[in-house]
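Asks: To start, I am sharing the structure in question, which I have written as structure tokens.
Number of protein chains: 2
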Amino acid sequence: MAAKRSGAQSKRSQRTAASPRSVQEASREPPLSLERIVATAVELLDAEGVDGLKMRRLADRLGSGAMSLYWHVGNKEEVFDLALDSVLEYRAPPQIVESQDWRGEVVHMLEDWRASMLRHPWSASLLPRRALGPNILGRLELLSKTLSRAGVADADLNVAIWSLWNYVIGATTTRASFDLSDDDRAAAQQRLTRLNERYPTIERTRLLLDNDWDGAFRKGLDFLLDGLAPR
Amino acid sequence: MAAKRSGAQSKRSQRTAASPRSVQEASREPPLSLERIVATAVELLDAEGVDGLKMRRLADRLGSGAMSLYWHVGNKEEVFDLALDSVLEYRAPPQIVESQDWRGEVVHMLEDWRASMLRHPWSASLLPRRALGPNILGRLELLSKTLSRAGVADADLNVAIWSLWNYVIGATTTRASFDLSDDDRAAAQQRLTRLNERYPTIERTRLLLDNDWDGAFRKGLDFLLDGLAPR
DNA sequence: CGATTGAATCGTACGCCGTACGAGTCAGAG
DNA sequence: CTCTGACTCGTACGGCGTACGATTCAATCG
């Protein structure tokens, strides 16, 4: 049995350091590796979107044959999982010991989360359907720890975390998919105006035209936090 | 030019009423129609999930050739759009004139929304990426109207609506994709326990094992509404 | 040193997908 | 009877994910 690669453990990559560059002096491409594959997949996803990621195209960008990828990953789904988690790394800001400003920390992390996903819009549509990678779990852990230290009872903790998670997921997926061109938005508005008698209220408040996504995210988040932990 | 079908206008289906059953007395299958296609697509999606909907398979169920569908719909994406919106119809409960209980109405509509989507789990993953059909717009309009009558200022209305929308989207997509078997859940928990030193807090509160989705949804929604419109 | 091994690469091929195209069917109108 | 237009469908094409087996090559061992 060939065994292939087993799980998430990495045992590759102590080669470049030791080998004398091999016989082929100028083989331009560095060797394939999980890291390169994931990084290139992210590039490709950024450039072409979810539907643009094809194994053949990914291999082209890597300068390799399509089937070579399957030595490093089990299948295409795994590429999605790895690309998603790789984009969600979070380094908490440096802070002198235990900050008192738990609310600021939560807002900062969630806004960073949202920003990361909007930098890679494909990630928003992927997140809800995928396995929880280490970076995602790390964010949940941080959130949990912060809220817990802020005095939220364990009994309410899960509800609080899921509420915030829901909010972030919803806001980013919506934002990512409603990022229409101005033309599209105008068309949508026209359609809505034509149906004015059916949807008078959302037409009046210009729900579909409202462009201040960042502000709305922040305001809504504040409301939610108010509800979760009244000051 | 063949013109095909133009938009959403329906001009079909005044045939069954008038025709004398045709020559072929026992052509078992009723004729193709948008309604039948959408209804069958929903069945198929329920049975096989998003990836299980193939044009050929859909045609099989309808007893027609695969290409016949393309007379009624433009492409596969349109089938998704129509199936999604068809599943989100909402009939507001009968109520004597203007109810005072705006909060109850909102909660009822949103819980119904969530229930509808969980009855058809594929719909949750589709919703954020799709066009707004009439049923979805109808729900937004109802939400908007109710909150407005409850006294929410127009300036805050959009934020309130999007916050609730985000919450529902996030909760349903998460719930639909985390609906693991007990085995899966146990495996996830094991993995988490093995990494206990990395994620102690979410391990302690059993975040991934918490099974009370309905209760969490309701509680989180209450928190959010508290924040949006303090009683 | 040559033989062996196992990690890594890749060419070919298979089955399935969405759907373009154009030929067929058939009811009703002229 | 002919014509027309709504509707159906068989065939075919290009592209997809990936199974499979051959191939390459550096490291290892007798």
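Protein chains in written order, with our numbering: chain H, 1 to 231; chain D, 1001 to 1231. Heads up, the beta-carbon is just placed ideally off N, CA and C, and yes, glycines get one too.
Hey, is H/Thr173's beta-carbon within less than 9 Å of any beta-carbon in chain D?
Replies: Taking Cβ atoms only, chain D reaches closer than 9 Å to H/Thr173, which makes this a yes.
Asks: Would you say D/Leu1088 and D/Ser1125 are within 9 Å of each other, going by their C-beta atoms?
Replies: Taking 9 Å as the Cβ cut-off, D/Leu1088 and D/Ser1125 do not qualify as a contacting pair.
Asks: Let me make sure I understand the geometry here. Which of D/Ala1216, D/His1120, D/Ala1155 and D/Asp1156 has the alpha-carbon closest to that of H/Trp162?
Replies: Considering only alpha carbons, the answer is D/Ala1216.
Asks: What are the boundary residues of the alpha helix (DSSP H) that D/Arg1313 is part of?
Replies: Residue 1313 of chain D falls outside the range modelled here, since chain D spans only 1001 to 1231, and no answer is possible.
Asks: Please confirm whether H/Arg191 and H/Leu118 have their CB atoms less than 9 Å apart.
Replies: In this structure, H/Leu118 does not lie closer than 9 Å to H/Arg191 by Cβ.
Asks: Checking contacts by CB at 9 Å: is D/Val1168 closer than that to chain H?
Replies: Output row for D/Val1168: interface = yes.
Asks: Assign D/Thr1201 to one of two classes, buried (16 or more other C-beta atoms within 10 Å of its C-beta) or exposed (fewer than that).
Replies: So D/Thr1201 ends up on the buried side.
Asks: Grab me the residues of D/Ala1083's own chain with a C-beta within less than 7 Å of its C-beta, minus the 5 sequence neighbours each way, in chain order.
Replies: Around D/Ala1083: Val1038, Ala1041, Val1042 and Leu1045.
Asks: May I have the straight-line CA-CA distance separating D/Leu1225 from H/Arg139, to the nearest angstrom?
Replies: D/Leu1225 and H/Arg139: Cα-Cα distance of roughly 25 Å.
Asks: For the candidate residues H/Arg56, H/Glu141, H/Glu105 and H/Ala171, whose alpha-carbon lies nearest to that of H/Pro128?
Replies: Residue H/Ala171 is the option with its Cα nearest to H/Pro128.
Asks: What residue range is occupied by the uninterrupted alpha helix (DSSP H) comprising D/Pro1030?
Replies: Taken as a continuous stretch (DSSP letters only), D/Pro1030 belongs to no alpha helix (DSSP H), as it is neither H nor E.
Asks: Reducing DSSP to helix, strand and coil, say where H/Phe178 ends up.
Replies: Looking at H/Phe178 - three-state DSSP - the assignment turns out to be coil, as it is neither helix nor strand.
Asks: Here's the rule I'm using: 16 or more other beta-carbon atoms within 10 Å means buried, otherwise exposed. How should D/Val1073 be labelled?
Replies: Classification for D/Val1073: buried.
Asks: In the region 1197-1214 of chain D, which residues sit with their C-beta less than 9 Å from some C-beta in chain H, listed in chain order?
Replies: Listed in sequence order: Arg1198, Tyr1199, Pro1200, Thr1201, Ile1202, Glu1203, Arg1204, Thr1205, Arg1206, Leu1207, Leu1208, Asp1210, Asp1212 and Trp1213.
Asks: Counting only Cβ pairs nearer than 7 Å, list the residues of chain D close to H/Lys54.
Replies: Simply none; closest approach about 16 Å.
Asks: Who are the near neighbours of D/Glu1105 in its chain, counting only those whose CB is closer than 7 Å to its CB and skipping five residues on each side?
Replies: Counting only Cβ-Cβ distances below 7 Å, and skipping sequence neighbours, we find Ser1099 and Thr1146.
Asks: Does the beta carbon of D/Phe1223 sit closer than 9 Å to a beta carbon anywhere in chain H?
Replies: Chain H, which has a Cβ nearer than 9 Å to the Cβ of D/Phe1223, makes this yes.
Asks: I want to see whether chain D comes within less than 9 Å of H/Leu118, judged by CB atoms only; does it?
Replies: By this cut-off, H/Leu118 is not an interface position.
Asks: Assign D/Ser1075 to one of three DSSP states: helix, strand, or coil.
Replies: The sequence given here places Asn at residue 1075 of chain D; Ser does not occur at that position. Coil.
Asks: Quick one: residues in its chain with C-beta nearer than 8 Å to the C-beta of D/Arg1036, no 5 flanking neighbours on either side, listed in chain order?
Replies: Excluding positions up to five away in sequence, the list reads Pro1030 and Leu1062.
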